[in-house]
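Position one of the sequence shown corresponds to residue 255 (my numbering), numbered consecutively onward. The beta-carbon is built from N, C-alpha and C at its ideal position, and this holds for glycine as well. Note that the structure is a prediction, hence the values are computed from the model and not measured. Working notes, structure below.
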Amino acid sequence: MGISNTQYRDIMFQYDQTRMKNQRLLDIRHENLYKKIPELKEIHDRIIELSVEQAKTELLNPEAAATAKDKYTEQKDALLSRKAEILEASSYPADYLSPIFTCSDCRDTGFIGSKPCHCFHRAKIHALYENSNLNEILEKENFTTFSDKYYDDTTIHDNLSITPRENIRRIREICLDFIKHFDDNYDNLLFYGPTGVGKTFLTHCIAKELLDSAHTVVYLTSLQLFDILEKNRFHRDDFNTADEQISYIINSDLLIIDDLGTELSNSFTVSQLYYFIEERHNNKRSTIISTNLSFSDLRERYSERIFSRFTGYYDFKQIVGTDIRIQRAFSG
Numbered sequence: 255m256g257i258s259n260t261q262y263r264d265i266m267f268q269y270d271q272t273r274m275k276n277q278r279l280l281d282i283r284h285e286n287l288y289k290k291i292p293e294l295k296e297i298h299d300r301i302i303e304l305s306v307e308q309a310k311t312e313l314l315n316p317e318a319a320a321t322a323k324d325k326y327t328e329q330k331d332a333l334l335s336r337k338a339e340i341l342e343a344s345s346y347p348a349d350y351l352s353p354i355f356t357c358s359d360c361r362d363t364g365f366i367g368s369k370p371c372h373c374f375h376r377a378k379i380h381a382l383y384e385n386s387n388l389n390e391i392l393e394k395e396n397f398t399t400f401s402d403k404y405y406d407d408t409t410i411h412d413n414l415s416i417t418p419r420e421n422i423r424r425i426r427e428i429c430l431d432f433i434k435h436f437d438d439n440y441d442n443l444l445f446y447g448p449t450g451v452g453k454t455f456l457t458h459c460i461a462k463e464l465l466d467s468a469h470t471v472v473y474l475t476s477l478q479l480f481d482i483l484e485k486n487r488f489h490r491d492d493f494n495t496a497d498e499q500i501s502y503i504i505n506s507d508l509l510i511i512d513d514l515g516t517e518l519s520n521s522f523t524v525s526q527l528y529y530f531i532e533e534r535h536n537n538k539r540s541t542i543i544s545t546n547l548s549f550s551d552l553r554e555r556y557s558e559r560i561f562s563r564f565t566g567y568y569d570f571k572q573i574v575g576t577d578i579r580i581q582r583a584f585s586g
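Written out as structure tokens, the structure is:
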């Protein structure tokens, strides 16, 4: 999907601000040093005069332009050399009065030729983080901080026929595979299990990996999602902004709906959930859902039409164990 038009405009605005800030800094440097060392101003003015003279020659007397250019280059180089000498003698870097760029590769434009610069790529990822609702939490919850030590490795779970620790290790590998083949395969995941067993943590792990590779990720609890949809449906003050917001959610590379089932269930939420599932499926946009509801609870809470989409479109993964937050509290 890439970034939205609004995000692109925001990034380019920041480049404009950077160029203006650096130009102001350069202007201050010129003003201060020209007062302190007048010869620098004389050199600056002379270089401008030479440039104007050469431009006139090239325009009015093209035959003499080549010869004149050699002389122009020689004079200009001598002036620049003298300028560098004066600056260094006054304890300034030789390039102190040269244009200032935060990124010298693209000269603060965001592009090298027609290709995005590496700094634009960083700005893009930053924008994606800002719009994911996950900017801070991903520093703490990611695959680097993932640990299976809170999952029991002594008792075989009846439904899974393996221990909770073996199960979470398998699911971790499934998540890594989901990321590895994200651009090639269309897959959806549905994590279900009791509170505090790491469902949300795993969605954060996946989100960070995809955000760091410049994919658009939107994380919303079911309460947040349906609140946005309800406000955009019934309280629309800015139709253009509302449409762009919904479009961004629907078309994001990955949509994470956390805690499905905590929302108030009514005809509106059920119909909107069905709409999102179908739209993203038709457009082959991956979705991850986490819920505390059991398999049977999902069937009872949502219409048969939605439940059939869950089972047809999503890979169900049950996560079992005891509440990790409680274990951490007791372990000090």
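Exclusion of the five residues before and after residue 265 leaves 257, 364, 374, 377, 378, 381 as the residues of its chain whose Cβ lies within less than 8 Å of its Cβ.
For the pair residue 531 and residue 525, the Cα-to-Cα distance works out to about 10 Å.
For the options 340, 305, 456, 317, the alpha carbon positioned closest to that of residue 290 is the one of 340.
One thing to note: residue 287 has its Cβ within 7 Å of the Cβ of residue 294. Taken atom to atom, the span from the alpha-carbon of residue 465 to that of residue 321 is near 56 Å. Apart from sequence neighbours up to five positions away, the residues of its chain that approach residue 366 with a beta-carbon distance below 7 Å are 359, 360, ordered along the chain.
Here residue 443 is near residue 542, since their CB atoms are less than 7 Å apart. Counting along the chain, residue 508 sits inside the beta strand (DSSP E) bounded by residues 508-514. Nearest in C-alpha terms to residue 427, of all of 512, 447, 460, is 460. A distance below 7 Å separates the beta carbons of residue 513 and residue 475.
Between the beta-carbon of residue 436 and that of residue 540 there is about 7 Å, and that keeps the pair under the 8 Å contact cut. Residue pairing by DSSP places residue 268 in no beta bridge whatsoever. Three or more beta-carbon pairs separated by less than 8 Å link the region 411-428 to the region 568-578, which places the two stretches in contact.
Restricting attention to beta strand (DSSP E) runs no shorter than 3 residues, the region 360-436 encloses none. In the displayed model, residue 349 falls within coil according to three-state DSSP, outside both helix and strand. Counting only the Cα atoms, residue 472 lies some 6 Å from residue 503. Nearest to residue 346 by C-alpha distance, out of 283, 467, 482, is 283.
Contact between the region 544-558 and the region 514-521 is established, with three or more Cβ pairs separated by less than 8 Å.
In the structure shown, the three-state DSSP call for residue 569 is strand.
Within the same chain, and ignoring the five residues on either side of residue 297 in sequence, the residues whose Cβ sits closer than 7 Å to its Cβ are 333, 336, 337.
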